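The next block holds one structure in the form of structure tokens; read it before the comments.
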Amino acid sequence: MNKNIIQVNKLSKEYRLGNFGLGTFIEDCKTFLANLTGTKTGKASKNRFQALKEVSFSVSEGEVVGIIGRNGAGKSTLLKILSRITEPSSGSARYTGRVASLLEVGTGFHGDMTGRENIFLNGSLYGLTRKEIASKVDSIIEFAQVQEFIDTPVKRYSSGMFVRLAFAVAAHLEPEILIIDEVLAVGDADFQKRCISKMGEINKTGKTILIVSHNMATIGSFCDRCILIDQGRIIHDGSVERGISQYLSMGRVNSQHGFWKRPKNFVSNKLDERYSEIQSIEMLDDTGSQTHLLKCGMPFFIILELKILKKTDYLDIGIAVNRHDGIQVSLSINSWEGNTKHFEVGKHKFKINFPSIPFLNGNYNLTVWTKDSTQDSNDDCIQNAMSFEIIDHNFNGHIFDFSAHYHAGSILKSNWYKL
Amino acid sequence: MTFTNKETYIKSNRSWMELELSDFFRYKDLLYLLIRRDLVTSYKQTILGPFWVVIQALMGSAVFTVVFSEIAKISTDGHPSFLFYLSGMIGWQYFGSVFGIGAYSLQSNIGLYSKVYFPRLIPPTSQSISALLNFFIQLIVFFLAVYIYNQSTDPNSIILDYKVLLIPLLILQTAILGLGIGFIISSLSVKYRDLSRVYGLFTQFIMYGTPVIYPISEIPEKYHYIMMWNPLAFVIESYREILLGHSTACNLNFALPSVLVTIILFFFGLILFNKAQRSYVDFV
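Chains as they are written, first to last, in my numbering: chain A, 6 to 424; chain B, 502 to 785.
As structure tokens, then:
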């Protein structure tokens, strides 16, 4: 069982930044001439970015490895190289058997073709023969729960049906190595649960799985091993628990003192055009002083500075709290509280009052995002902008030791009446 | 599983010559399914469907007949002018579509290429085969036109004989040539898109440089050696030989340079394409 199935050796990948034009063309010509005449140019261009820096690791057969890291850490680049979509700048990788990499579900689906035809096409893209697909087609259809519509063109499918069918094909590929990039983030909760259990089943048959996810709960419950990548290097390889806690503590680098300010040139996501930018986030305790230590049952405040770049009528502002293991335990949104979603261009400052903290002792992270509710993705998102700690418990003026009830997670404020 | 124990080795700067043809044959079912997909979906949501291809060929030949034969009085080598242009169009249009498929192969398949690995040659190959549908529709139209022409004049004026069986060879050469030149353009325009702009211009240039709307006999004998090195000249003239009975350039003098140039261009294109496909998703 324990032989190495994947061996990655000093893999590096370099990208050239900026636009291609006459300048880069001249540079290309110079390099080409230098190569021809055998002279080394020596000086590397400044406009280069190392996405991966000499990454080495090996994976044994049957392992489930979670790859985590912040956006831009190099996870996707690694997967792309292992899936043979692009080649490394230097270094090598070796693996035995067939790889199916799900960087997207439904690749190659054609809207005019029926579900059944698409199953065959999609399966063959991953290297299955028609015979192999024919033997699996019934269980694919059953898993996707699209029996009635299987001979209907997929462009008439609901998006849920489409995703279910696409994942079902992927789950039935039976490769020796399965590479998954965040595809589990699609579909409804029930379907996601079935996906996870299907993956568990796949793993039980001795298949190797590499999974990239930002969902620490998935990584924590599913993986045997965790690789943490930051700025193109592996900074942790081994225990899942330690990898996750190290990853989450990286978020803490943002701020440990209850204050976060947008760094210059900070890019949170790759939107071409955004409505808003979160400028600063401040956490205050009940006395009004800046802090990262809070008490259960007591009030706290968030001061939020927002810059609106484009007038909008649909802006949601969300404040989420995640527990130390990554599970989101609360979410507050401006419009839920009856506040306006209409914003004019310019700076806006908010004070948000949370009358009573329900969380128990432990470490938490605060995430703030904005989203135009007509768009699919977040407008701006400061993931783990700051961490805070609930240090002791003050509930209605009484202090209790809740550590015996730690797994309770939170306290629901309740009023008691004697009848 | 068919290739369970196959070892895959990924490294940088592999040799230009590694074509991985064994992979290509392992994915033959994908090739089949892609061709089927193209054929099934090509005329979806059109009312006239394949008739557009017929209309295109007939209209094109009619316009050429009026402009070049009637107005410009360019010779058609003694062939009935409408059939002369139609035969030229059939060969030319298949070349044109394969050339386009090659020239945009990397660019138009980015959605697939950036998400899953499979032999990159499969989509252009399958599309070139699917494009034969239009070719054969036009060929049938040509046969009908010949039938009508024979009925209206002398029944034996144009006789189609065993030579028709050579058409597959011409198709093969056209496909290899079109893909070859197309791959060169596609690979070279990955980083700098200028060349894909040249594509349209280039197509016209090839068309007028090839005896599509004029017979090669119109060109003075002393310039024929130039035409010999245009691989498409031999192909188009051979279609005339096969479909209309006689032509000037369907002989070994033209065939050898034509096949040679075709093979050289194809391998040159294939090697460039193979080099480009390995990391082109970083640029597009």
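Even for Gly, the Cβ is constructed at its ideal location relative to N, Cα and C. This one's a predicted model, so the numbers in the text were calculated from it and none came from an experiment.
Quiz item: If you scan the stretch 165–226 of chain A from start to end, which runs of the alpha helix (DSSP H) of 4 or more residues do you find wholly inside it?
Solution: Here the runs fully enclosed are 194–209.
Practice problem: Select from A:Trp265, A:Met255 and A:Ile185 the residue whose C-alpha is nearest the C-alpha of isoleucine 224 of chain A. | Solution: Position 219 of the first sequence, counted from the first residue, corresponds to residue 224 of chain A. Nearest C-alpha to isoleucine 224 of chain A: A:Ile185.
Self-check item: Range of the contiguous alpha helix (DSSP H) that encloses asparagine 327 of chain A
Solution: Counted from its first residue, the first sequence places residue 327 of chain A at position 322. It is not in any alpha helix (DSSP H) - asparagine 327 of chain A instead sits in the beta strand (DSSP E) that spans 320–328.
Self-check item: Cβ-based contacts, 8 Å cut-off: residues of the stretch 114–125 of chain A near chain B
Solution: His115, Asp117, Met118, Glu122 and Phe125
Quiz item: According to the neighbour-count rule (16 or more other Cβ atoms, all chains shown, within 10 Å of its Cβ), is valine 567 of chain B buried or exposed?
Solution: Here residue 567 of chain B is taken as the residue at index 66 of the second sequence, counted from 1. With fewer than 16 Cβ atoms within 10 Å of its Cβ, valine 567 of chain B is classed as exposed.
Quiz item: What's the gap between the Cα of cysteine 231 of chain A and the Cα of valine 174 of chain A?
Solution: Sequence index remark: in the first sequence, residue 231 of chain A carries index 226 (1-based). Sequence index remark: in the first sequence, residue 174 of chain A carries index 169 (1-based). Rounded to the nearest angstrom, the two C-alpha atoms are 27 Å apart.
Quiz item: Since tyrosine 693 of chain B contacts phenylalanine 30 of chain A with CB under 8 Å, what's their CB separation in whole angstroms?
Solution: By 1-based counting over the second sequence, the position of residue 693 of chain B is 192. By 1-based counting over the first sequence, the position of residue 30 of chain A is 25. Correct: roughly 6 Å between the Cβ atoms.
Exercise. Quick one: give me the first and last residue of the alpha helix (DSSP H) that histidine 725 of chain B is part of.
Key: By 1-based counting over the second sequence, the position of residue 725 of chain B is 224. Run containing histidine 725 of chain B: 725–729, per the alpha helix (DSSP H) assignment.
Quiz item: How many Å lie between glutamate 310 of chain A and tyrosine 781 of chain B at the Cα?
Solution: Here the question's residue 310 of chain A lines up with position 305 in the first sequence. Here the question's residue 781 of chain B lines up with position 280 in the second sequence. Roughly 42 Å separates the two Cα atoms.
Quiz item: Taking C-beta to C-beta, are isoleucine 207 of chain A and alanine 176 of chain A nearer than 8 Å?
Solution: If you number the first sequence from 1, residue 207 of chain A lands on position 202. If you number the first sequence from 1, residue 176 of chain A lands on position 171. Yes, the pair counts as a contact, with Cβ atoms nearer than the cut-off.
Practice problem: Give the range of the beta strand (DSSP E) segment to which tyrosine 618 of chain B is assigned. | Solution: Here residue 618 of chain B is taken as the residue at index 117 of the second sequence, counted from 1. No residue range can be given for tyrosine 618 of chain B, since it is assigned to no beta strand (DSSP E) and is classified by DSSP as neither H nor E.
Quiz item: So what does DSSP say about lysine 529 of chain B, is it helix, strand or coil?
Solution: As a working mapping, residue 529 of chain B is identified with position 28 in the second sequence. Three-state DSSP puts lysine 529 of chain B in a helix.
Self-check item: Close-in-space but distant-in-sequence residues of the same chain around leucine 417 of chain A (CB under 7 Å, 5 per side omitted)
Solution: Translated into positions along the first sequence, residue 417 of chain A becomes position 412. Here the set comprises Pro363.
Practice problem: Report, in whole angstroms, the separation of the C-beta atoms of isoleucine 72 of chain A and isoleucine 511 of chain B, which I expect to be a contact under 8 Å. | Solution: In the first sequence, the residue the question calls residue 72 of chain A occupies position 67. In the second sequence, the residue the question calls residue 511 of chain B occupies position 10. About 17 Å separates the CB atoms of isoleucine 72 of chain A and isoleucine 511 of chain B; that is not less than 8 Å, and the two are not in contact.
Quiz item: Whole alpha helix (DSSP H) runs in the stretch 45–109 of chain A with 4 or more residues, listed along the chain?
Solution: 80–87
Quiz prompt | Inter-residue CB distance, isoleucine 682 of chain B and glycine 770 of chain B (contact presumed, cutoff 8 Å) | solution = The sequence position of residue 682 of chain B within the second sequence is 181, counting from 1. The sequence position of residue 770 of chain B within the second sequence is 269, counting from 1. Going by Cβ atoms, the distance from isoleucine 682 of chain B to glycine 770 of chain B rounds to 6 Å, so yes, they are a contact pair.
Practice problem: Could you work out which residues of chain B lie near glutamate 32 of chain A, taking near to mean beta carbons separated by less than 9 Å? | Solution: Position 27 of the first sequence holds residue 32 of chain A. At a beta-carbon threshold of 9 Å, none of the residues of chain B lie near glutamate 32 of chain A; the nearest stands roughly 11 Å away.
Quiz item: How many Å lie between arginine 527 of chain B and alanine 632 of chain B at the Cα?
Solution: Taking the second sequence and counting its residues from 1, one reaches residue 527 of chain B at position 26. Taking the second sequence and counting its residues from 1, one reaches residue 632 of chain B at position 131. Their backbone Cα atoms lie some 23 Å apart in a straight line.
Practice problem: Kindly say whether serine 562 of chain B, judged by its beta-carbon, lies nearer than 8 Å to any beta-carbon of chain A. | Solution: Here residue 562 of chain B is taken as the residue at index 61 of the second sequence, counted from 1. By this cut-off, serine 562 of chain B is not an interface position.
Practice problem: Count the CB pairs spanning the stretch 54–63 of chain A and the stretch 12–29 of chain A that are closer than 8 Å, and state whether there are at least three. | Solution: yes
Quiz item: Does serine 94 of chain A get closer than 8 Å to chain B when you measure Cβ to Cβ?
Solution: Counting from 1 along the first sequence, the entry for residue 94 of chain A is found at position 89. For serine 94 of chain A, the answer is yes, since a Cβ of chain B falls inside 8 Å of its Cβ.
Quiz item: Does any residue of chain A bring its CB to less than 8 Å from the CB of leucine 622 of chain B?
Solution: For the purposes of this step, residue 622 of chain B is identified with residue 121 of the second sequence, where counting begins at 1. Leucine 622 of chain B does not count as touching chain A.
Exercise. Assuming isoleucine 743 of chain B and leucine 667 of chain B form a contact by the criterion Cβ under 8 Å, report the distance between their Cβ atoms to the nearest whole angstrom.
Key: As a position in the second sequence, residue 743 of chain B is number 242, starting the count at 1. As a position in the second sequence, residue 667 of chain B is number 166, starting the count at 1. Their Cβ separation, rounded to whole angstroms, is 6 Å, which keeps isoleucine 743 of chain B and leucine 667 of chain B in contact under 8 Å.
Quiz item: How long is the line joining the alpha carbons of tyrosine 319 of chain A and aspartate 195 of chain A, rounded to whole angstroms?
Solution: Working through the first sequence from its first residue, we reach residue 319 of chain A at position 314. Working through the first sequence from its first residue, we reach residue 195 of chain A at position 190. Taking the straight line joining both Cα atoms gives about 29 Å.
Quiz item: Of all the CB atoms in chain A, is at least one closer than 8 Å to the CB of threonine 654 of chain B?
Solution: Position 153 of the second sequence, counted from the start, is the residue given in the question as residue 654 of chain B. Judged by the 8 Å Cβ criterion, threonine 654 of chain B is not in contact with chain A.
Self-check item: Rounded distance between the beta-carbons of serine 106 of chain A and leucine 84 of chain A, thought under 8 Å
Solution: The count along the first sequence starts at 1 and reaches residue 84 of chain A at position 79. The count along the first sequence starts at 1 and reaches residue 106 of chain A at position 101. That belief holds up - the Cβ atoms of leucine 84 of chain A and serine 106 of chain A are roughly 6 Å apart, short of 8 Å.
Quiz prompt | serine 688 of chain B to threonine 317 of chain A span [Cα, whole Å] | solution = For this step, residue 688 of chain B is matched to residue 187 along the second sequence. For this step, residue 317 of chain A is matched to residue 312 along the first sequence. Each residue's alpha carbon lies about 43 Å from the other.
Quiz item: Do you know offhand how far isoleucine 286 of chain A's Cα is from phenylalanine 525 of chain B's?
Solution: As a position in the first sequence, residue 286 of chain A is number 281, starting the count at 1. As a position in the second sequence, residue 525 of chain B is number 24, starting the count at 1. Distance between the alpha carbons of isoleucine 286 of chain A and phenylalanine 525 of chain B: 55 Å.
Quiz item: On the premise that lysine 354 of chain A lies in contact with aspartate 321 of chain A, defined as a C-beta separation below 8 Å, what is that separation, rounded to the nearest angstrom?
Solution: Residue 321 of chain A sits at position 316 when you count from the first residue of the first sequence. Residue 354 of chain A sits at position 349 when you count from the first residue of the first sequence. About 18 Å; that fails the 8 Å criterion.
Exercise. Examine the Cβ distances between the stretch 528–540 of chain B and the stretch 123–139 of chain A and report whether three or more of them are shorter than 8 Å.
Key: yes
Self-check item: Rounded separation between lysine 198 of chain A and glycine 550 of chain B - CA only
Solution: What you label residue 198 of chain A is simply residue 193 of the first sequence in a count that begins at 1. What you label residue 550 of chain B is simply residue 49 of the second sequence in a count that begins at 1. Lysine 198 of chain A and glycine 550 of chain B: Cα-Cα distance of roughly 45 Å.
Quiz prompt | chain B contact residues for arginine 135 of chain A, given Cβ-Cβ distances below 9 Å | solution = Residue numbering aside, residue 135 of chain A sits at position 130 when the first sequence is read from its first letter. Residues of chain B passing the Cβ test: Asp530, Tyr533 and Leu534.
Quiz prompt | DSSP bridge partner residues for leucine 311 of chain A (one or two, in chain order) | solution = On the first sequence, residue 311 of chain A is found 306 positions in, with the first residue counted as 1. Partner(s): A:Ile283 and A:His353.
Quiz item: Around the C-beta of asparagine 344 of chain A, are 16 or more other C-beta atoms found within 10 angstroms, so that it is buried, or is it exposed?
Solution: Looking up residue 344 of chain A in the first sequence gives position 339. When all chains shown are included, asparagine 344 of chain A counts as exposed.
Quiz item: Is any beta-carbon of chain B found at less than 8 Å from that of arginine 257 of chain A?
Solution: Locating residue 257 of chain A in the first sequence gives position 252, where the first residue counts as 1. Legend: pLDDT at arginine 257 of chain A = 48, less than 50; position of this residue unreliable, no value from coordinates given.
Quiz item: Under a CB-based cut-off of 8 Å, is lysine 48 of chain A close to chain B?
Solution: Position 43 of the first sequence holds residue 48 of chain A. Its pLDDT being 49, under 50, lysine 48 of chain A is placed unreliably in this model, and the value from its coordinates should be taken loosely. False, the Cβ-Cβ gap to chain B never drops below 8 Å.
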